[in-house]
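Peer 1: Every letter in the first sequence is one number past the one before it in my numbering, and letter 216, counting from 1, is 225.
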Amino acid sequence: MASCAHAKEQRGISSVGRARQWHCRGQGFESPILHQHRGRSGNLPGWPRAVPSARGSLPDESAGLYRARRRYPRPSPMTELAQPDRLAKATAMRQTGADPFPARGVASQPIAGLIAAAGTAAAPGPAIGTRVTIAGRMLMPRDFGKLIFAPLVDRTGRVQVGLQRDALPEWWPQRKWLDAGDLVGILGEVGFTQKGELTVWAKEVRLLAKSYAPPPEKWHGLADVEQRYRRRYVDLWATEGVMDVFVKRSKIVSGMRRFLEAQGYLEVETPTLHPIFGGATARPFVTHHNALGCDFYLRIAPELYLKRLIVGGLERVFEIARNFRNEGISTRHNPEFSMLELYEAQADYRRMMELAEQMIERLALEVNGTTKVTFRGREYDLKAPFARLRYSELFRHQNGCEFDDQPAVRARAAALCIEDGGNYWKLMNDVFEATCEKLLTGPVFCVDYPVQICPLAKSNPQDPRLAERFELFLDGMELGNAFSELNDPAEQQRRFEEQVASKDPEAPGVVDIDYVQALEYGMPPTGGLGIGIDRLVMVLTGQDTIRDVLLFPAMRPLGGEPASATAPTH
RNA sequence: GGGCGCGUAGCUCAGUCGGUAGAGCAGCUGGCUUUUAACCAGCUGGUCGUAGGUUCGAGUCCUACCGCGCUCACCA
């Protein structure tokens with residue numbers, strides 16, 4: 010495990026290193042020892058002569074060639090998205106020796122850093138500033154004949170570039186090959202326009218990759234929600250704020266790791282393919298293993314494997330697990346979703362409460378700089394500690410009866426038009442959800458659930474009707490679920506057998522004997538906590554729907570033929 | 001699965017009472033060195049989601065289907 014985590018860390022470091030190396034890449038750098046060029050940041054080297062065609066004779070010929078191309082259909086087999094005009098421009102470039110998809114990038118620096126540095130710069134006006142190299146996607150060019158303005162976006166931000174004929178005599182004829190959406194590198198000087206806008210005045214321009222598909226309409230952007238999700242690779246740069254949400258999501262997840270590792274937790278990875286599904290109540294996806302000749306379930310929760318590791322003595326473990334549930338899709342549900350689950354030996358659900366509120370407060374501060382969040386139009390404060398409300402007291406307050414007063418609860422359910430499916434505890438919980446969840450705006454811990462609806466939790470020694478369990482709510486949405494884990498193997502086996510006997514399609518068909526046997530070896534008193542990462546990200550980024558915090562939310566496949574129900578056999 | 005809504009040019013959308021399809025943006029041509037959705041002039045671009053039906057005539061009315069969104073139910 011330790012070596013695994015170490016390897017992960019090394020990968021992280023090397024990717025940062027890669028980012029720094031960009032500035033020594035470029036056409037013409039033949040030396041394999043690229044790294045030696047690193048660090049001369051004060052005086053970035055100019056680019057080598059971009060293309061042979063820059064020597065002149067280009068304008069008229071290339072324009073004629075381009076016009077000729079227009080008469081033909083698509084020059085190559087591409088999808089309907091590729092614009093003939095753009096394909097023709099690439100062809101024209103190639104015929105003059107220029108490469109629309111050069112092999113090397115340029116040595117760029119993040120735009121955000123440039124903006125931050127310019128924040129303290131001199132007053133507006135033509136200014137000779139620092140030389141910078143930036144790279145990104147060029148959008149919305151505005152052509153004035155001898156001057157072109159266009160925004161350039163990279164991962165960190167957006168800045169305007171100014172392209173002037175007199176400053177770019179060699180490149181200028183190639184401007185006709187440039188389209189909105191192209192990826193370009195700019196070597197230029199930081200300055201301002203007459204209107205005072207920060208601008209990088211280009212000294213050199215290089216096309217880094219041609220964009221054959223046109224970017225979305227410049228004012229409305231990607232207005233079609235479906236297109237935003239299906240083509241997230243466009244949405245990320247075409248829709249304001251989208252990039253930021255996913256950068257924050259990444260920071261939230263790494264913040265979780267840091268927080269837990271600082272407390273001595275070990276990150277582990279447990280199977281996604283389960284022979285028996287468990288750890289939650291949900292319909293699973295089924296898949297098939299050819300060599301073993303048996304079916305597997307995609308996990309609905311990592312819980313039972315993580316608790317096996319507590320039996321194994323790892324004591325504090327967590328997993329950032331992708332779970333799969335074969336159920337409906339909504340603003341809060343995706344068929345695959347991410348969950349943080351953690352287990353701590355010698356802890357109980359009270360310790361889990363403290364851990365949860367401290368972690369969430371910390372994450373809010375890390376990504377937003379404040380514990381205040383606005384979610385679905387309401388403001389919440391994620392400052393710890395969160396409120397605690399007892400399930401039983403909430404129930405009594407809202408319904409005027411005890412949760413285990415069966416006749417009174419049945420009558421109440423009937424009054425609320427809640428259908429009685431025969432299972433009293435399910436009915437009671439339906440009454441609770443109908444009458445109490447709307448009060449759980451939060452952030453709030455709802456604590457001490459009736460033991461009958463907590464198959465994996467320990468009962469409370471003071472009141473055996475209750476389980477040591479809490480759920481964390483915000484805006485009526487469940488964010489987390491935790492309990493003092495049941496570690497009595499006989500009791501666990503009994504509850505499993507009850508589940509199997511229920512014939513519920515959401516219950517496994519067989520008892521997970523191996524898990525019971527793990528408990529027979531002895532599991533210490535343990536607290537366990539699960540937090541829905543997608544939902545937490547929704548709250549911390551102010552997004553109303555889960556789809557807006559998933560890079561690629563589940564969508565019905567396009568095209569007439571529905572995917573085959575059977576797995577391919579190879 | 002139920003209810004409501006939408007589908008017209010590459011994009012965003014108009015399209016009246018059923019009478020041969022419109023705008024802006026994008027693209028192309030020309031002009032323009034300080035724009036912020038730049039602007040000006042010209043040009044190109046559509047099997048109106050699909051299939052039937054009613055009609056002399058359907059983008060428009062009817063039916064079915066496909067796709068998407070919202071919403072309800074189940075779930076975290």
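Don't be surprised by glycine CBs; every beta carbon is placed ideally from N, CA and C.
#1: Count the other C-beta atoms from every protein chain shown that fall within 10 angstroms of the C-beta of residue 180, then say buried if there are 16 or more, exposed otherwise.
#2: Can you say whether residue 566 is buried or exposed, counting buried as having 16 or more other CB atoms within 10 angstroms of its CB?
#3: Looking at the strands, I want to know which residues DSSP matches up with residue 390.
#4: Using the Cβ count rule (16 or more neighbours within 10 Å means buried), how would you classify residue 228?
#5: Ignore the nearest five residues each way along the sequence and tell me which others in residue 306's own chain have a CB closer than 8 Å to its CB.
#6: What span of residues does the beta strand (DSSP E) with residue 490 cover, start to end?
#7: Our contact map puts residue 563 next to residue 345 with C-beta atoms below 8 Å; I'd like the distance itself, whole angstroms only.
#8: Can you name the start and end residues of the beta strand (DSSP E) that residue 314 belongs to?
#9: Below 8 Å on the Cβ atoms is my guess for residue 144 versus residue 171; work out the distance and round it to an integer in Å.
#10: To which residues of the same chain is residue 51 closer than 8 Å at the C-beta, ignoring the five residues directly before and after it?
#11: Under 7 Å Cβ to Cβ from residue 254, same chain only, skipping five residues before and after it: list those, please.
#12: Using a Cβ distance threshold of 8 Å, determine whether the stretch 513-523 contacts the stretch 341-358, with at least three qualifying pairs required.
#13: For residue 501, count neighbouring C-beta atoms within 10 Å of its own C-beta (all shown protein chains included) and say buried if the count is 16 or more, exposed if not.
#14: Quick one: Cα of residue 188 to Cα of residue 220, how far?
#15: Starting from the Cα of residue 516, find the closest Cα among 334, 90, 194 and 350 and give me that residue.
#16: What would DSSP say about residue 468, mapped onto helix, strand or coil?
#17: Can you look up residue 212 in the DSSP assignment and give me helix, strand or coil?
#18: So, using beta-carbon positions, are residue 365 and residue 489 closer together than 7 Å?
#19: Quick one: what's residue 352 bridged to in DSSP?
#20: Would you mind giving the Cβ-Cβ distance between residue 241 and residue 561, rounded to the nearest angstrom? I have them listed as a contact below 8 Å.
#21: Grouping DSSP H, G and I as helix and E and B as strand, with all else coil, what is residue 417?
#22: Can you tell me whether residue 249 is buried or exposed? The criterion is at least 16 other CB atoms within 10 Å of its CB, across all chains shown.
#23: Go ahead and pull the three-state DSSP assignment for residue 564.
#24: Report the start-end ranges of each beta strand (DSSP E) in the stretch 214-302 that is 3 residues or longer and not cut off at the edges.
#25: What's the call for residue 470, buried or exposed, on a 16-neighbour Cβ count within 10 Å?
#26: Looking at the secondary structure, which residues open and close the beta strand (DSSP E) in which residue 142 lies?
#27: Between the Cα of residue 122 and those of 139, 150, 107 and 111, spot the shortest distance and give me the residue it belongs to.
#28: Tell me the rounded alpha-carbon separation between residue 476 and residue 384.
#29: When we look at the beta-carbon of residue 519 and count the other beta-carbons within 10 Å, is it buried (16 or more) or exposed?
Peer 2: To lay it out plainly:
#1: buried
#2: exposed
#3: 381
#4: exposed
#5: 282, 283, 284, 285, 286, 293, 294, 295 and 296
#6: 486-493
#7: 7 Å
#8: That residue, residue 314, is in no beta strand (DSSP E); its alpha helix (DSSP H) goes 312-320.
#9: Their Cβ separation, rounded to whole angstroms, is 16 Å, which puts residue 144 and residue 171 out of contact at 8 Å.
#10: At residue 51, the pLDDT of 29 sits below 50, so the modelled position is not reliable; the number obtained from the coordinates is stated separately. Closer than 8 Å at the Cβ level, and outside the excluded window around residue 51, lies no residue.
#11: 550, 552, 557 and 558
#12: no
#13: buried
#14: 7 Å
#15: 334
#16: strand
#17: strand
#18: yes
#19: 326 and 537
#20: 6 Å
#21: helix
#22: exposed
#23: coil
#24: 295-298
#25: exposed
#26: 140-147
#27: 139
#28: 31 Å
#29: exposed
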